[in-house]
Amino acid sequence: MRGLLDTSVFIAAESGRPMRTDLLPEESAVSVVTLAELRAGVLAAVDVETRARRMLTLDAVGDVELLGIDEAAAHTWALMRVELAGTGRRANVNDLWIAACAASRDLPVVTQDGDFEAIEGIAGLRVVRV
1 MRGLLDTSVF IAAESGRPMR TDLLPEESAV SVVTLAELRA GVLAAVDVET
51 RARRMLTLDA VGDVELLGID EAAAHTWALM RVELAGTGRR ANVNDLWIAA
101 CAASRDLPVV TQDGDFEAIE GIAGLRVVRV
């Protein structure tokens, strides 16, 4: 299986939070949005130890295929945004971009973030909870 790892997977590994590693995909990718979120975490670190730990996490992203936001992802984001608005559900804008990157490439989002429940199924999005 191939999947798009959400930011929460990297943070779980960094913090030692339990994770269902048996559900992790054999082939992984990440969105540029996850890269940006992890970089923001490094920049926001309040001390040297936290910054060093977060840098190691950011470095781990370098081993994973990086997916950009292309025209298909932008189209999928718009579809998801409109459908969510029509149902009254809401989603974090970064999560919506990550979901659109995944769904436009027919990849599941691999996450520990419950916020993806609001988006699951829209535009064919599949979610794997680890």
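For the sequence shown, UniProt numbering gives the first residue as 1, with consecutive numbering after it.
Backbone N, C-alpha and C fix where the C-beta goes; we use that ideal spot for every residue, glycine too.
Where Ser8 is concerned, there is no enclosing beta strand (DSSP E), although the alpha helix (DSSP H) around it starts and stops at Thr7 to Ser15. Taking 4 residues as the minimum length, the alpha helix (DSSP H) runs contained wholly in the stretch 74-119 are 93-103, in order along the chain. Cα atoms of Arg20 and Ala52: separation of roughly 25 angstroms, rounded to the nearest angstrom. Cβ-Cβ separation between Val130 and Val9: approximately 6 angstroms, consistent with a contact (criterion under 8 angstroms). The Cβ atoms of Leu4 and Ile98 lie closer than 8 angstroms to each other. Beta bridge pairing from DSSP links Arg2 with Glu27.
In the DSSP assignment, Val33 falls within the unbroken alpha helix (DSSP H) covering Val32 to Ala44. Between the stretch 31-43 and the stretch 85-101, the count of Cβ pairs shorter than 8 angstroms is three or higher; the stretches touch. The Cβ atoms of Leu38 and Thr57 sit closer than 8 angstroms to each other.
In the three-state scheme derived from DSSP, where H, G and I count as helix and E and B as strand, Val61 is classed as helix. Minimum Cα-Cα distance from Ala73 among the listed residues Gly41, Gln112 and Asn94 corresponds to Asn94. Measuring C-alpha to C-alpha distances from Asp115 to each of Glu14, Arg90 and Thr76 identifies Arg90 as the nearest. Looking at the DSSP output, Arg126 shares a beta bridge with no other residue.
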